[in-house]
Amino acid sequence: MSEGPSHCLNCDAPLHGPYCAACGQREQHRVVPLGHLLQELAHELLHVDHHVLGTFKALLLRPGQLTVEYLEGRRARQIAPLRLYLITSFFLFLLLGTLAPRVIQPGAKGKVHVVAPKGTPATSAAAADPGASPSFEARMESGARKAEADPRAFLGQIVALLPKVMFILLPVFALLLKGLYLRRGILYAAHVIFALHTHTAAFLMFLVTLALGQIPGLAGWVTLALFLGLPAYLLLAL
Numbered sequence: 176m177s178e179g180p181s182h183c184l185n186c187d188a189p190l191h192g193p194y195c196a197a198c199g200q201r202e203q204h205r206v207v208p209l210g211h212l213l214q215e216l217a218h219e220l221l222h223v224d225h226h227v228l229g230t231f232k233a234l235l236l237r238p239g240q241l242t243v244e245y246l247e248g249r250r251a252r253q254i255a256p257l258r259l260y261l262i263t264s265f266f267l268f269l270l271l272g273t274l275a276p277r278v279i280q281p282g283a284k285g286k287v288h289v290v291a292p293k294g295t296p297a298t299s300a301a302a303a304d305p306g307a308s309p310s311f312e313a314r315m316e317s318g319a320r321k322a323e324a325d326p327r328a329f330l331g332q333i334v335a336l337l338p339k340v341m342f343i344l345l346p347v348f349a350l351l352l353k354g355l356y357l358r359r360g361i362l363y364a365a366h367v368i369f370a371l372h373t374h375t376a377a378f379l380m381f382l383v384t385l386a387l388g389q390i391p392g393l394a395g396w397v398t399l400a401l402f403l404g405l406p407a408y409l410l411l412a413l
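Add 175 to the 1-based position in the sequence shown for this note's numbering, that's all there is to it.
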């Protein structure tokens with residue numbers, strides 16, 4: 176095969192190495208043999224970048240250190256906080272969606288029983304006026320009856336809403352930190368970075384807990400370790 180091009184095929188800038196200094200595209204031939212394509216495919220599927228392993232290792236073993244390095248400008252050797260959060264949350268909620276249908280087995284004897292006081296003013300008013308907006312108690316009772324009728328669908332809805340709820344709670348958590356460190360003069364954006372890192376670490380702990388919890392006899396122990404480990408991790412990170 177002939178030598179590689181002397182100019183970038185993307186922007187036509189002169190090449191002085193394997194990557195173009197102008198646009199960043201890697202030096203490559205116009206026509207690539209099939210073996211090279213298969214090699215690149217295997218590399219993309221199986222290769223784990225050292226930045227990924229280093230970021231996750233630092234995130235779990237050195238609470239808060241990843242945030243400090245990011246705020247001090249040492250960012251090239253770690254994954255961006257938002258990308259790290261999205262990747263981890265994707266795998267967590269994917270696993271939750273896979274395991275959720277197994278929680279409620281078909282033909283299980285346990286059921287959800289709805290106990291609501293009858294004849295309360297809110298219920299009576301809603302019954303007397305069908306056009307009125309249902310009260311909070313009526314909506315809760317209706318939701319509980321739907322959960323009793325189809326618990327799997329109810330659990331599926333909860334799992335589907337969790338990513339949105341967690342993403343909304345993230346800036347709220349950062350706002351609480353802003354109030355806690357108000358006299359320090361730390362920017363809100365720095366608290367958001369810290370929130371992204373701590374939430375990602377919590378998601379990783381949940382992932383490990385869910386995975387190990389499938390082993391008979393370990394579910395109780397790993398759950399206990401999770402509830403003890405989460406506040407300890409947050410305290411060390413702060």
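All C-beta atoms, glycine included, are put in the ideal place defined by N, C-alpha and C.
#1: From this set, 394, 372, 270 and 346, which residue's C-alpha is nearest residue 232's C-alpha?
#2: Should residue 411 and residue 239 be called a contact, given that it needs their Cβ atoms to be closer than 8 angstroms?
#3: Using a Cβ-Cβ cut-off of 6 angstroms (strictly less than) and excluding sequence neighbours within five positions of residue 382, which residues of its own chain qualify?
#4: Quick test of the definition: if touching needs 3 or more C-beta pairs under 8 angstroms, does the stretch 363-371 touch the stretch 382-392?
#5: Starting from residue 403, trace the alpha helix (DSSP H) both ways and give me its first and last residue.
#6: Just the C-alpha distance for residue 246 and residue 363, rounded to the nearest angstrom, thanks.
#7: Measure from the alpha carbon of residue 345 to the alpha carbon of each residue in 396, 200, 244 and 256, then state which is nearest.
#8: From the DSSP output, in three-state form, read off residue 356 for me.
#9: Suppose the cutoff is 8 angstroms on Cβ atoms and the five residues either side in sequence are ignored; what does the same chain contact list for residue 391 look like?
#10: What is the residue span of the alpha helix (DSSP H) that residue 372 lies within?
#11: Taking residue 261 and residue 376 to be in contact with their CB atoms under 8 angstroms, please state how far apart those CB atoms are, rounded to whole angstroms.
#12: Short of 7 angstroms in beta carbon distance, which residues of its chain neighbour residue 252, apart from the five on each side in sequence? Order them along the chain.
#13: Can you tell me where the alpha helix (DSSP H) with residue 240 in it begins and where it stops?
#14: Just to confirm before moving on: does the CB-CB distance between residue 348 and residue 263 stay below 8 angstroms?
#15: Quick check: what's the CA-CA separation for residue 355 versus residue 409?
#16: Look up residue 193 in the DSSP assignment and say whether it is helix, strand or coil.
#17: What distance in whole Å lies between the Cβ atoms of residue 182 and residue 193, which are believed to be in contact at a cut-off of 8 angstroms?
#18: Three-state secondary structure (DSSP) at residue 237?
#19: Name the one or two DSSP bridge partners that residue 182 has.
Let me lay it out:
#1: Distance from the Cα of residue 232 is smallest, within the candidate group 394, 372, 270 and 346, for 372.
#2: Judged by beta-carbon spacing, residue 239 lies within the 8 angstroms limit of residue 411, meaning their Cβ atoms are closer than that value.
#3: Around residue 382: 267.
#4: Three or more Cβ pairs closer than 8 angstroms define a contact, and the stretch 363-371 falls short of that threshold against the stretch 382-392.
#5: Unbroken alpha helix (DSSP H) run through residue 403: 394-412.
#6: Taken atom to atom, the span from the alpha-carbon of residue 246 to that of residue 363 is near 12 angstroms.
#7: For the options 396, 200, 244 and 256, the alpha carbon positioned closest to that of residue 345 is the one of 256.
#8: Residue 356 carries a coil assignment under DSSP once its states are collapsed to helix, strand and coil.
#9: The answer is none, since no qualifying residue turns up.
#10: Boundaries of the alpha helix (DSSP H) around residue 372: 363-387.
#11: Taking a contact as a CB-CB distance under 8 angstroms, the pair residue 261 and residue 376 does not count as one, their CB atoms being some 14 angstroms apart.
#12: Excluding sequence neighbours, residue 252 sits near 226 and 229.
#13: Taken as a continuous stretch (DSSP letters only), the alpha helix (DSSP H) holding residue 240 covers 240-246.
#14: Using a Cβ distance threshold of 8 angstroms, residue 348 and residue 263 do not count as a contacting pair.
#15: Taking the straight line from one Cα to the other gives about 14 angstroms.
#16: Three-state result, residue 193: coil.
#17: Between residue 182 and residue 193 the Cβ distance is about 14 angstroms, and since that is not below 8 angstroms, they are no contact.
#18: Residue state, collapsed to three classes: coil.
#19: Paired residue(s): 189.
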